[in-house]
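The sequence shown begins at 0 in numbering that gives the first Met the number 0 and counts up one residue at a time.
In what follows, a single structure is set out as structure tokens and then discussed.
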Amino acid sequence: MVNLLPYSIGLQLGAVWEEQTVRLPLAGNLAMVEARGLFVHIQIGDLEPVRLAFAWAQASHVALILGQTNFFQEFDVCFERSRHMIKIIRL
Numbered sequence: 000m001v002n003l004l005p006y007s008i009g010l011q012l013g014a015v016w017e018e019q020t021v022r023l024p025l026a027g028n029l030a031m032v033e034a035r036g037l038f039v040h041i042q043i044g045d046l047e048p049v050r051l052a053f054a055w056a057q058a059s060h061v062a063l064i065l066g067q068t069n070f071f072q073e074f075d076v077c078f079e080r081s082r083h084m085i086k087i088i089r090l
């Protein structure tokens, strides 16, 4: 699964829809939503910045989804429910 970025968040990050030329097909209930490839540099806390690839959906009602490609290829994430804590470790 790829990272999915809602349209409104892409705009807030300064992306311009017309400048993104790589079209990406979405599946399931998002199959009718157009998406384009977008690279975003992110930094989580004090960790080194990383470039993530997103399918930028032309819809703001979709959720921000962090997927196997490539968020979970770059980070290990540990959910510790009893401590109400999430640990994110850069690989």
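Beta carbons are placed, not taken as given, at the ideal position from N, Cα and C, and that holds for glycine.
{"Query": "Which partner residues does residue 78 have in the DSSP bridge list?", "Result": "85"}
{"Query": "So, are the CB atoms of residue 35 and residue 15 less than 8 Å apart?", "Result": "no"}
{"Query": "Quick check: residue 37 and residue 4, are their CB atoms within less than 8 Å of each other?", "Result": "yes"}
{"Query": "Name the two residues that bound the continuous alpha helix (DSSP H) containing residue 9.", "Result": "6-11"}
{"Query": "Closest to residue 72 by C-alpha separation, out of 49, 7 and 32, would be which residue?", "Result": "49"}
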